[in-house]
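Presented below is the structure to which this report refers.
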Amino acid sequence: MTAPGRAVVVAVVGEIPAGGRKIVDIDGRSVGVFNLGDGFVALRNTCPHEGAPLCEGVLSGALTSPTPGVYHYERRGEILRCPWHQWEFDLRTGRSWVDPDRVRVRHYPVTSDGRHVIVHV
Amino acid sequence: MQTGGLIDCDVHNAVSADAELLPYLSARWRRHMELVGSRTFSPFTKGYAYPKAARFASRRDAWPPGGGLPGSDLEFMRVQLLDAYPVERAVLNCLFRAPEQRHDAYGAALAAAVNDWQVEHWLERDDRLRASVTVPFEFPDLAASEIDRASAHPGFVQVLLYPRTMAPLGGRRYWPIYEAACRAGLPVAVHAASTTAGPTTATGWPSYYIEDHTGLAVAFQAQVISLIFNGVFDRFPELRVVLSEGGFAWVPALAHRLDALHARLGEEVPDLRHAPSHYLRTHIRITTQPMEEPERPGDLVPLIREVGADLLMFSTDYPHWDFDDPYRAFRTRVPADLHQRIMHDNACATYRFAA
Amino acid sequence: MGTGTAGTAVVDCDVHNAVPRLSALFPFLPDSWVDYCRETGVEGFDPAFYPPGAPLSARPGSRVGDGPPGSDPDVVRAHVLDATGARWAVLNCLYAVHALHNPDWAASMAGALNEWQAVHWLAADPRFRASIVVSLRDPHAAAEEIGRRAGNGFVQVLLPASAPAPLGQRSFWPVYAAAEAAGVPVAVHPGVGGANPLSPVGWPAHHVEDYAGAALTLQSQLTSLVAEGVFAAYPGLRVVLLESGVTWLPSLMWRFDKNWKALRREVPWVDRPPSQVIREHVLLSTTPLDAPPALDRAWVDRFLTQLGTVRMLLHAGDYPHWHHGTAPAALLEQLSPAERELVLGGNATRLYGLPEEAGCRPVA
Chain A
1314 MTAPGRAVVV AVVGEIPAGG RKIVDIDGRS VGVFNLGDGF VALRNTCPHE
1364 GAPLCEGVLS GALTSPTPGV YHYERRGEIL RCPWHQWEFD LRTGRSWVDP
1414 DRVRVRHYPV TSDGRHVIVH V
Chain B
282 MQTGGLIDCD VHNAVSADAE LLPYLSARWR RHMELVGSRT FSPFTKGYAY
332 PKAARFASRR DAWPPGGGLP GSDLEFMRVQ LLDAYPVERA VLNCLFRAPE
382 QRHDAYGAAL AAAVNDWQVE HWLERDDRLR ASVTVPFEFP DLAASEIDRA
432 SAHPGFVQVL LYPRTMAPLG GRRYWPIYEA ACRAGLPVAV HAASTTAGPT
482 TATGWPSYYI EDHTGLAVAF QAQVISLIFN GVFDRFPELR VVLSEGGFAW
532 VPALAHRLDA LHARLGEEVP DLRHAPSHYL RTHIRITTQP MEEPERPGDL
582 VPLIREVGAD LLMFSTDYPH WDFDDPYRAF RTRVPADLHQ RIMHDNACAT
632 YRFAA
Chain C
-6 MGTGTAGTAV VDCDVHNAVP RLSALFPFLP DSWVDYCRET GVEGFDPAFY
44 PPGAPLSARP GSRVGDGPPG SDPDVVRAHV LDATGARWAV LNCLYAVHAL
94 HNPDWAASMA GALNEWQAVH WLAADPRFRA SIVVSLRDPH AAAEEIGRRA
144 GNGFVQVLLP ASAPAPLGQR SFWPVYAAAE AAGVPVAVHP GVGGANPLSP
194 VGWPAHHVED YAGAALTLQS QLTSLVAEGV FAAYPGLRVV LLESGVTWLP
244 SLMWRFDKNW KALRREVPWV DRPPSQVIRE HVLLSTTPLD APPALDRAWV
294 DRFLTQLGTV RMLLHAGDYP HWHHGTAPAA LLEQLSPAER ELVLGGNATR
344 LYGLPEEAGC RPVA
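In order, the protein sequences belong to chains A, B and C. Once you know that position 13 of the first sequence is 1326 in our numbering, the rest is easy, because the numbers rise by one and skip nothing. Once you know that position 195 of the second sequence is 476 in our numbering, the rest is easy, because the numbers rise by one and skip nothing. Once you know that position 192 of the third sequence is 185 in our numbering, the rest is easy, because the numbers rise by one and skip nothing.
See below:
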């Protein structure tokens, strides 16, 4: 995979366990790097809503319902909830749950050279 | 948005553990705490029937690094709130479960302990802080005594009630509280809280916290209706009532409704000297958090003007989950003079802070 | 009020027909309940929410004859239909049988009340339509009553705002299933319930407090209906909020939408902002309208924009109740002709499936 922008090494492979995260500073920008198990994602650590440190939020699952009283709970650990107002963001896309087209958090490509986790900013 | 000096009218300091109050309790009540402890209207020894959006209803980043509950550590509160924003004054509303105690004298003892604890650990440690007098408000005579006692300390700037009372707040049984508040020259604040004796709607218990939280606006309106039509503001002309966390977008519709009803049914309440909206404008003040968010953000400023430029006082509700950031809570441009009033001047007038 | 719109079939969506005396229902009540009423000295169920002497309970001129205002079909016809030129009037009988605790007695009384409406009102004038009165003590019995009555002049189900529990809760769903199946909306009207205090903070002291607080109870009920997913489960269902005050709705939608963004996981079946659900499923009658005394076009524009659509509003006189001010009429005056047509009759004609043939329309 090739990615545009500058490559910044943020961790060594193995440093962030599956389900884990690391919050790093890149040129004064706080960025959260998450290991989803099948790969890494990186998000700006600022909630587009009121500026909270988004990446410090709880990691939860995607909850939907086909009809009242029935709960479909999937993708555990892939939905990030803001530590302040609990707005949900999809870690894989950076899109918010309630307004996915207009409320999004900046999402950075992440690659690995086998030894390092690299964020492209 | 730029802001000059800020007065934050709703900040929550927390007692991390009941044991912290032991030094402020007599042997009799220390033993009571050991023996049975808290007996409220909640079905559980800990927590609520409606779990809040997050643990302890708090911002996840507000748990102090040194331990304890969000809002329990003054140093950390300075980092996240008092020094992070240009806070001139912050009004503390400690929500420790003293007022909900079913045992009247234990509730009174806990309230006094909370107030003494606030003096020692908060008011005397940072001169930006002011606090609310915790009182056992369902036992108004005991509440009045505590107001008389605690208000001797100049750091207490209001009396704290919750909106879901056993009876509407305009009723005669609560008048000793207003009498004492006026004696002490303090406003009475009504701040959102969930523990209640009865259902939180006029139609029984709802199923979800989202209904409970949305319904707070309804509880506050019911209290306003009761205070006005029972003549509380005619009997206590000095009294000011501060509403916290119930919103303010409902004010215009309610004011029109009450005035129209008064015009038709006023004979039932012949002692009322003014139209209901007069009391709303003159005696009621409202803190802003959770900020109203009209679908069209531009509707906020006309709404505020309709509510009344003198009525609103900014609040963050730190450290709770629905915290409003002073720089970002308004999603629209608020004219500078109006902004200054909301962020600062209205609170100075209400609490008689030097401007 | 004159309608002022030639060619519009005006529908008055909130007219209160009253039971003249309890014994008027006896011909429609099983003997066992007739004797029960007589032997125990039951005096009737006139709703305490409208004290007979209070000015709001009866407009001047509506107290005619021996019975309570609204109890004589000829008088109601003269005041509501003939005097205004309204094409249809929807009767909402507030005789408070729903507040009885005994589920079987309440269901029998509701059945008798509906039969009495059919015989004494629907048969008295083809312009009358009626709401099906039910008791929520036994939702299955209520559902059966809806199935029996819907059509035949009954165009709606009437529920009390002061219900035993929040109306969205699942125990009440048989009522919504039956209403959706019958193609009739469910109306919620303020009134006494008997199960809970009349305010969310306990019992008020004054009638004026009770009445002021009615708007709050409707807000709690609307919140419940959306949060519980009633409209997700019954997408064809429409709910009508009667005598609600109306103008509080934008403030409720804002607070509800804001909370939904944070708390929607609690109610994942609410998969759109609550305001959107409300706009698609809820209508409101315009009397009373909690609005400023001098209501201008700018105010109306802002209100309608915040409400979302004029299709949510239903014209109503609220006969015989006597409200203060002229806000509902002033609202109509400020509307465009097309908007006015919708509020005066178009929205209701569609909602209730009323015949639209112009030839039957009496001349205003």
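Note that CB positions come from ideal geometry on N, CA and C, so glycine has one too. Note that the structure is predicted; figures quoted are calculated from it, not measured.
Exercise for the section: Check the Cβ-Cβ distances between I491/B and every residue of chain C, and say whether any is below 8 Å. Expected result: So, interface residue.
Practice task
Could you tell me which residues DSSP pairs with N1348/A in its beta bridges?
Solution key: F1353/A
Exercise for the section: Measure the CB-CB distance between A208/C and W241/C and report whether it falls below 8 Å. Expected result: yes
Practice task
Check the Cβ-Cβ distances between R545/B and every residue of chain C, and say whether any is below 8 Å.
Solution key: yes
Exercise for the section: May I have the straight-line CA-CA distance separating V1371/A from V90/C, to the nearest angstrom? Expected result: 50 Å
Practice task
Specify whether the segment 284 to 300 of chain C and the segment 614 to 634 of chain B touch according to this definition: at least 3 beta carbon pairs, one from each stretch, less than 8 Å apart.
Solution key: no
Exercise for the section: Check the Cβ of P571/B against every Cβ in chain C and list those closer than 9 Å, keeping chain order. Expected result: R248, K251, N252
Problem - Beta-carbon neighbours of P1361/A, restricted to chain B and to distances below 7 Å - result: None at all; the shortest Cβ gap to chain B is about 11 Å.
Problem - Helix, strand or coil at M594/B [DSSP, three-state] - result: strand
Handout entry: Sequence-distant residues of its chain with Cβ nearer than 7 Å to V239/C (five each side left out)
Key = Only residues of its own chain outside the window of five on either side were considered, and among them L277, T279, L282, D283 have a CB closer than 7 Å to the CB of V239/C, listed in chain order.
Practice task
Put A694/B into one of helix, strand or coil per three-state DSSP.
Solution key: The displayed coordinates of chain B run from 282 to 636. Any statement about residue 694/B would go beyond what the structure contains.
Problem - Test item: CB-CB of P380/B and A392/B under 8 Å - result: yes
Handout entry: Selection from E138/C, V3/C, A105/C, A11/C that minimises the alpha carbon distance to V76/C
Key = One point to set straight first is that residue 76/C is Ala, not Val, in the sequence displayed. Of the residues E138/C, V3/C, A105/C, A11/C, the one whose Cα lies closest to the Cα of A76/C is V3/C.
Exercise for the section: For S488/B, decide whether its Cβ has a neighbour in chain C, counting only Cβ atoms nearer than 8 Å. Expected result: yes
Practice task
Report the neighbours of R609/B on chain A: residues whose CB is nearer than 9 Å to its CB, in chain order.
Solution key: H1362, E1363, G1364
Practice task
Would you please verify whether the beta carbon of D283/C is less than 8 Å from any beta carbon of chain B?
Solution key: Yes, D283/C counts as interfacial toward chain B.
Exercise for the section: Kindly identify the DSSP beta-bridge partner or partners of T1424/A. Expected result: I1431/A
Practice task
Check the DSSP bridge columns for S278/C and list the partner residues they point to.
Solution key: As DSSP reads the structure, S278/C sits in a beta bridge with L307/C.
Problem - Three-state secondary structure assigned by DSSP to T319/C - result: Three-state DSSP puts T319/C in coil, outside helix and strand.
Exercise for the section: Determine, using beta carbons only, whether L256/C comes closer than 8 Å to chain A. Expected result: yes
Handout entry: Short CB-CB distance (under 8 Å) between D515/B and chain A
Key = no
Handout entry: Own chain, CB closer than 6 Å to S55/C, minus 5 neighbours either side, in chain order
Key = Excluding sequence neighbours, S55/C sits near P62, P313.
Handout entry: Simplified DSSP assignment, three categories, for F249/C
Key = Three-state result, F249/C: helix.
Practice task
Starting from the C-beta of N95/C, find all residues in its chain whose C-beta is less than 6 Å away, skip the five residues before and the five after it, and write them out in chain order.
Solution key: none
Exercise for the section: On a CA-only basis, which of L93/C, H133/C, L15/C is nearest F165/C? Give me that one, please. Expected result: H133/C
Exercise for the section: Determine the direct distance from the alpha carbon of G78/C to that of V356/C, and round the result to whole angstroms. Expected result: Confidence is the limiting factor: at V356/C the pLDDT is only 38, short of 50, which leaves the residue's position unreliable, though a coordinate-based value still follows. Approximately 7 Å between the Cα atoms of the pair.
Practice task
Give a yes or no on whether 8 Å exceeds the smallest Cβ distance from T1377/A to chain C.
Solution key: At least one chain C Cβ lies under 8 Å of T1377/A.
Handout entry: Touching by the beta-carbon criterion (3+ pairs, under 8 Å), the segment 1406 to 1419 of chain A and the segment 531 to 540 of chain B
Key = no
Practice task
Please check the pair N294/B and Q399/B, which I expect to be a contact at CB under 8 Å, by giving their CB distance rounded to whole angstroms.
Solution key: 7 Å
Exercise for the section: May I ask you to report which of helix, strand or coil DSSP gives Q162/C? Expected result: coil
Problem - Residue from V1432/A, R1428/A, H1433/A whose Cα sits closest to the Cα of G1327/A - result: R1428/A
Exercise for the section: May I ask you to list the residues that DSSP assigns as paired with Y1386/A? Expected result: Note: Y1386/A sits in a beta bridge opposite L1376/A.
Handout entry: Listed by chain order, chain B residues near W1400/A by CB distance under 9 Å
Key = Here the premise fails: no neighbours, minimum Cβ distance about 10 Å.
Exercise for the section: Indicate whether at least one CB of chain A lies closer than 8 Å to the CB of Q283/B. Expected result: Note on Q283/B: pLDDT 48, under 50, position unreliable in the model; the coordinate value appears next. No - not a single Cβ of chain A is within 8 Å of the one on Q283/B.
Exercise for the section: Measure how close the beta-carbons of V168/C and A82/C come, nearest whole angstrom, since I'm counting them as under 8 Å. Expected result: The C-beta distance from V168/C to A82/C rounds to 24 Å, too long to meet the 8 Å contact threshold.
Handout entry: Cβ-based neighbour list, S128/C, same chain, cut-off 8 Å, excluding 5 preceding and 5 following
Key = Taken in chain order, the residues that qualify are V90, H91, L93, P96, A99, A100, M102, A103, A134, A135.
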